Amino acid sequence: LRIFVLEREDEIIAISINFEQHGTMMAFVTTYDPAFERASPGMVLMMDYIQWSFDRGLTTIDFLCGGEDFKRRFATHSVILSSVVGGRNLRGRLAALADRARHAAQSWRPEKSAQQ
């Protein structure tokens, strides 16, 4: 468990609760005092814990689930956590089979960095 706090004159204006495991910082939740919203304290704190993580040798920051805009700006890639596809007829079963084949092909494809 890693808790990061952003303060201004002994007043907490943002806090972030994260988990560290196997070289990864998992960003669970960050919240801030709305009175300071214009200064983007959540973003400031996020930049601090990202720098802290890399300074200590962590290799990955995982923003976990959710579709917040900052995740698209900072992420280098996304990961599909799960896919559930089923079909009641032949067309649906073929779609489910195609989905499984696509995921299997992706898991066998070498990383771009390994190809270079």
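Under the working numbering, think of the first position of the sequence shown as 1198, with each following residue one higher. Glycine included, C-beta positions come from ideal geometry on N, C-alpha and C. Keep in mind the model is a prediction, meaning the values are calculated, not measured.
Report the partner residues of residue i according to the DSSP bridge assignment.
i	result
Y1229	A1211
V1202	I1212
T1257	T1221
CB residue i to CB residue j, shorter than 9 Å?
i	j	result
L1255	T1221	yes
D1230	E1206	no
In the structure shown, what three-state DSSP assignment does residue i receive?
i	result
A1272	coil
E1234	helix
R1299	helix
G1264	coil
Using a Cβ-Cβ cut-off of 6 Å (strictly less than) and excluding sequence neighbours within five positions of residue i, which residues of its own chain qualify?
i	result
E1217	R1199
I1214	I1200, F1225 and V1226
D1259	T1221 and M1223
A1311	Bear in mind that a pLDDT of 49 at A1311, under 50, signals an unreliable position, so the number given afterwards is only what the model happens to contain. Answer for A1311: no residue qualifies.
Three CB pairs or more closer than 8 Å across the region 1280-1290 and the region 1242-1261: no
Would the region 1227-1237 count as touching the region 1265-1273 if we require 3 or more Cβ pairs under 8 Å? no
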